[in-house]
Amino acid sequence: MKKLVIYLMSGHATPELAAAAVEGGADLVELGFPFSDPLADGPVIRRAAERALADGMRTRACLECLARTRELAPDTPLVPMTYAALLEAYGWDRFAAAAGGAGATSLIVADLPAGERPELRRVQLVAPTSTDERLRLAAEQTDGWLYLVTLTGTTGARNDLSPALAGLVERARAVTPVPLYAGFGISTPAHAHAAAQLADGVVVGSRAVEVAEGGPDALRAYVASLRQAIDAT
Amino acid sequence: MSSTAGLFGTYGGRYVPETLVPALDELEAGWRDAQNDPAFHEELDALGRTFAGRPTPLTRAERFEPNKRLYLKREDLLHTGAHKLNNALGQAVLARRLGKRRIVAETGAGQHGVATATVCARFGFECVVYMGEEDIRRQRPNVERMHLLGAEVQPVELGTRTLKEATSEAIRDWITNVETTHYLIGSCVGPAPYPELVRELQAVIGREARAQFLEAEGRLPEVVIACVGGGSNAIGIFSAFVADPDVRLVGVEAAGAASLGTGRAAVLHGARSSVLADGDGQVTDAHSISAGLDYPGVGPEHAWLRDSGRADYVGATDEEALAAFRELTRLEGIIPALEPSHALARVRELDEEQVLLCLSGRGDKDLAEVLAH
Chain D
3 MKKLVIYLMS GHATPELAAA AVEGGADLVE LGFPFSDPLA DGPVIRRAAE RALADGMRTR
63 ACLECLARTR ELAPDTPLVP MTYAALLEAY GWDRFAAAAG GAGATSLIVA DLPAGERPEL
123 RRVQLVAPTS TDERLRLAAE QTDGWLYLVT LTGTTGARND LSPALAGLVE RARAVTPVPL
183 YAGFGISTPA HAHAAAQLAD GVVVGSRAVE VAEGGPDALR AYVASLRQAI DAT
Chain G
2 MSSTAGLFGT YGGRYVPETL VPALDELEAG WRDAQNDPAF HEELDALGRT FAGRPTPLTR
62 AERFEPNKRL YLKREDLLHT GAHKLNNALG QAVLARRLGK RRIVAETGAG QHGVATATVC
122 ARFGFECVVY MGEEDIRRQR PNVERMHLLG AEVQPVELGT RTLKEATSEA IRDWITNVET
182 THYLIGSCVG PAPYPELVRE LQAVIGREAR AQFLEAEGRL PEVVIACVGG GSNAIGIFSA
242 FVADPDVRLV GVEAAGAASL GTGRAAVLHG ARSSVLADGD GQVTDAHSIS AGLDYPGVGP
302 EHAWLRDSGR ADYVGATDEE ALAAFRELTR LEGIIPALEP SHALARVREL DEEQVLLCLS
362 GRGDKDLAEV LAH
């Protein structure tokens with residue numbers, strides 16, 4: 003079974019949204035902890051981060067959001083996705099411990115590439131520009147699965163699935179047996195279907211954040227449509 | 002890459018998305034190659050002499066400060082009007098060696114944007130400059146110059162609409178077009194190897210100024226003073242004196258953008274440094290009348306020079322900088338940029354008599370802003 007990962011920005015309504023995503027068929031939920039200067043993010047997640055920060059979603063509030071999400075989705079892996087600045091401010095070890103205590107099963111730090119702080123257990127990202135040597139390093143250090151960034155660019159919906167994904171999957175398979183989940187630029191059931199034919203899982207972020215603005219029912223239906231497309235592979 | 006690459010004490014490093022890491026490795030290797038290649042240095046020296054106007058003179062400012070032996074290193078006389086061209090030329094030669102023909106850059110005051118647009122015209126590169134809308138408003142002449150030089154100026158409408166957001170957008174462009182594009186960063190900030198690379202390209206200021214001061218006074222200055230936004234003119238002139246324990250180094254920040262004075266250790270734009278940030282690591286707004294200093298971060302090497310006690314960092318307010326701007330103009334016939342006017346504002350209260358100041362740029366771009374106050 004291919005895995006479906008849904009990204010949501012932390013916020014007051016997020017625990018209910020995450021539960022709806024799980025009902026719709028999400029296998030794993032990433033929770034964005036917003037940062038003021040997110041270099042890896044496109045306009046949708048940037049705007050969501052700005053709104054979340056304006057709404058008071060600082061690190062402590064995000065951890066509370068995570069704990070509440072854990073209560074509503076007791077069996078689903080939950081992975082905070084954030085930037086190094088938040089860990090630097092909170093304390094690297096303290097952040098990891100607090101996230102774990104609130105129910106996180108791992109961590110993603112978008113601007114902490116493989117090789118930096120190897121002691122911090124996290125899901126590593128690789129990109130089409132990664133050398134084979136770096137794919138190997140990231141695979142060795144990653145926590146459970148490898149996050150394949152399908153394109154050179156920031157997060158956000160694109161018209162087509164990146165043509166770079168197939169080559170990246172092939173190169174990653176050659177160096178590691180760990181599961182490969184593809185993300186960035188995947189927004190429609192057709193994208194998800196195509197990506198799931200190559201990778202072991204699919205991550206949907208920006209479009210899920212947009213749909214989530216319509217509430218839990220809209221998100222549940224959207225996730226279910228992705229689920230169906232992935233299961234049809 | 003080891004996790005200690007590009008560190009100044011505990012500052013610096015590479016906090017960037019994976020997509021950029023191979024490009025930074027490639028840049029670092031290309032930079033090491035260039036440093037060891039006499040042809041690279043010969044080409045840069047020749048461009049400095051025949052295109053940029055190096056060496057720039059050292060001018061005694063006797064009427065501005067009669068009680069000291071104050072000398073101004075005249076980077077305002079460099080082609081395009083500021084020290085930024087030293088770095089832009091060096092990185093353009095480097096980009097050509099790396100086979101990159103598209104350049105992206107950020108700009109605050111517009112001086113780095115103009116320098117970048119200039120070298121792109123000279124080298125035949127495509128040029129895209131990101132600039133905050135607020136800075137486009139207050140630095141209009143530089144926007145027109147960039148257009149004339151053939152650059153595309155991309156307005157940034159996000160957040161503070163100043164240098165911080167322009168830098169983020171330039172980095173996002175680089176992430177997207179990394180295969181064809183060189184990111185020509187304008188200051189000694191960003192992920193390794195940029196802080197070191199920019200310092201080395203600006204070190205020409207310090208090398209010249211040191212020899213010129215020795216020639217003029219028969220001794221080294223007691224203090225070297227420069228304004229600090231990102232900190233590239235300061236690190237360039239400091240670099241020639243860091244190993245001289247008797248030469249005090251003083252950096253002057255804008256009081257409303259004092260990353261070193263009131264900031265904390267945080268991560269911004271790919272490096273750990275001293276940043277205007279809150280307790281959660283969220284970056285806060287800077288304010289300065291000078292667009293070039295209106296940045297909440299600073300080069301990681303300055304944070305290290307501060308912590309190690311090798312350099313002192315002080316602040317100057319908008320009003321103090323404006324007063325110094327007017328005085329230098331009237332007393333010396335030199336219209337300085339608002340950025341080095343912050344350094345000029347702190348000169349008279351220095352205890353030392355033998356003073357070297359980096360006059361990093363000229364003030365033509367600031368006339369509208371000055372007249373409005």
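Chains D and G supply the protein sequences, listed in that same order.
Numbers 3 to 235, taken from this note's numbering, label the letters of the first sequence in order.
Numbers 2 to 374, taken from this note's numbering, label the letters of the second sequence in order.
Heads up, the beta-carbon is just placed ideally off N, CA and C, and yes, glycines get one too.
Backbone CA spacing between residue i and residue j [nearest angstrom]
| i | j | result |
| --- | --- | --- |
| LEU10(D) | THR263(G) | 34 Å |
| LEU169(D) | LEU25(G) | Per the sequence shown, the amino acid found at residue 169(D) is Gly instead of Leu. Answer to the nearest angstrom: the Cα atoms are 22 Å apart. |
| ASP38(G) | ASP202(D) | 47 Å |
| ALA1(D) | PRO218(D) | Missing from the structure shown is residue 1(D); chain D here goes from 3 to 235 and no further. |
| LEU372(G) | GLU333(G) | 19 Å |
| PHE9(G) | GLY207(G) | 20 Å |
| VAL115(G) | GLU135(D) | 39 Å |
| GLN203(G) | ALA369(G) | 28 Å |
| SER3(G) | PHE65(G) | In this prediction, SER3(G) scores a pLDDT of 38, lower than 50, which makes its location untrustworthy; no coordinate-derived value is stated. |
| GLU32(D) | SER132(D) | 23 Å |
| GLU63(G) | TYR72(G) | 8 Å |
| LEU127(D) | HIS14(D) | 28 Å |
| PHE326(G) | TRP147(D) | 58 Å |
| PRO120(D) | GLN143(D) | 7 Å |
| GLU321(G) | HIS343(G) | 7 Å |
| LEU221(G) | GLU354(G) | 11 Å |
| GLU197(G) | GLY7(G) | 8 Å |
| ALA63(D) | ARG49(D) | 18 Å |
| ALA93(G) | HIS148(G) | 19 Å |
| ARG265(G) | GLU254(G) | 15 Å |
| GLY54(G) | SER240(G) | 21 Å |
| ALA226(D) | GLU90(D) | 37 Å |
| CYS359(G) | GLU223(G) | 14 Å |
| ILE335(G) | SER361(G) | 12 Å |
| TYR195(G) | VAL205(G) | 17 Å |
Expected contact under 8 Å - CB spacing of residue i and residue j to nearest Å
| i | j | result |
| --- | --- | --- |
| VAL7(D) | ALA28(D) | 7 Å |
| ASP43(D) | ALA51(D) | 7 Å |
| ARG307(G) | TYR296(G) | The Cβ separation is near 16 Å, so there is no contact. |
| LEU90(G) | LEU79(G) | Going by Cβ atoms, the distance from LEU90(G) to LEU79(G) rounds to 10 Å, so no, they are not a contact pair. |
| GLY252(G) | HIS288(G) | Rounded, the Cβ-Cβ distance is 18 Å, inconsistent with contact. |
| VAL157(G) | GLU134(G) | 7 Å |
| PRO301(G) | ARG15(G) | PRO301(G) to ARG15(G), Cβ: 11 Å. No contact. |
Under 8 Å between C-beta atoms of residue i and residue j
| i | j | result |
| --- | --- | --- |
| PRO58(G) | ARG75(G) | yes |
| GLY207(D) | LEU150(D) | no |
| VAL276(G) | SER260(G) | yes |
| ARG349(G) | GLY13(G) | no |
| ALA346(G) | ALA312(G) | no |
| PHE232(D) | VAL204(D) | Note that residue 232(D) is Ile in the sequence shown, not Phe. Yes, these two residues count as a Cβ contact at 8 Å. |
| GLY31(G) | LEU95(G) | yes |
| PRO56(G) | GLU209(G) | yes |
| ALA171(G) | VAL105(G) | yes |
| ALA324(G) | ASP367(G) | no |
| ARG103(G) | ASN178(G) | yes |
| ALA292(G) | THR163(G) | yes |
| THR156(D) | ILE176(G) | yes |
| THR251(D) | ARG209(D) | This structure cannot speak to residue 251(D), because chain D is shown only from 3 to 235. |
| LEU294(G) | GLU340(G) | yes |
| LEU167(D) | PRO191(D) | no |
| GLY1(G) | HIS113(G) | One cannot answer for residue 1(G) here, as it falls past the ends of chain G, which runs 2 to 374. |
| ALA87(D) | PHE37(D) | yes |
| THR17(G) | PRO115(D) | Checking the displayed sequence, the identity of residue 17(G) turns out to be Val instead of Thr. In this structure, PRO115(D) lies closer than 8 Å to VAL17(G) by Cβ. |
| LEU357(G) | VAL225(G) | yes |
| ILE110(D) | VAL81(D) | yes |
| LEU163(D) | VAL171(D) | no |
| VAL144(G) | GLY111(G) | yes |
| GLU153(G) | CYS121(G) | no |
| HIS193(D) | THR235(D) | no |
- Going along the chain, which unbroken runs of the alpha helix (DSSP H) with 4 or more residues stay wholly within the stretch 184 to 215 of chain D? Segments of the alpha helix (DSSP H) lying fully in the stretch 184 to 215 of chain D: 191 to 200, 208 to 214.
- Message: Quick check for students: name the residue ranges of the alpha helix (DSSP H) that lie wholly in the stretch 29 to 77 of chain D, counting only runs of 4 or more.
- Response: For the stretch 29 to 77 of chain D, whole alpha helix (DSSP H) runs of length 4 or above, ordered along the chain, are 45 to 56, 61 to 74.
- Those runs of the beta strand (DSSP E) which lie wholly inside the stretch 20 to 102 of chain G and span at least 3 residues: Those beta strand (DSSP E) runs which fall completely within the stretch 20 to 102 of chain G and span 3+ residues are 59 to 61, 70 to 75.
- Message: Three or more C-beta pairs under 8 Å: does that hold for the stretch 150 to 168 of chain D against the stretch 36 to 52 of chain G?
- Response: Judged by Cβ distances under 8 Å, the stretch 150 to 168 of chain D makes no contact with the stretch 36 to 52 of chain G, as fewer than three pairs qualify.
- Message: I want to know whether the stretch 98 to 115 of chain D touches the stretch 64 to 72 of chain D - three or more CB-CB distances under 8 Å.
- Response: Because the criterion of three Cβ pairs below 8 Å is met, the stretch 98 to 115 of chain D and the stretch 64 to 72 of chain D touch.
- Can at least three beta-carbon pairs, one atom from the stretch 182 to 201 of chain G and one from the stretch 216 to 231 of chain G, be found at a separation below 8 Å? Counting Cβ pairs under 8 Å, three or more are found: they touch.
- Touching or not, the stretch 211 to 226 of chain G and the stretch 162 to 170 of chain G, by the rule of three or more beta carbon pairs under 8 Å? These segments do not touch.
- Give, in chain order, every unbroken run of the alpha helix (DSSP H) that is at least 4 residues long and sits entirely within the stretch 223 to 301 of chain G. Correct list: 233 to 239, 260 to 263.
- Query: Can you list, in chain order, the stretches of the alpha helix (DSSP H) that have 4 or more residues and sit fully within the stretch 103 to 178 of chain G?
  - Reply: Restricting attention to alpha helix (DSSP H) runs no shorter than 4 residues, the stretch 103 to 178 of chain G encloses them at 112 to 124, 134 to 139, 141 to 149, 164 to 177, ordered along the chain.
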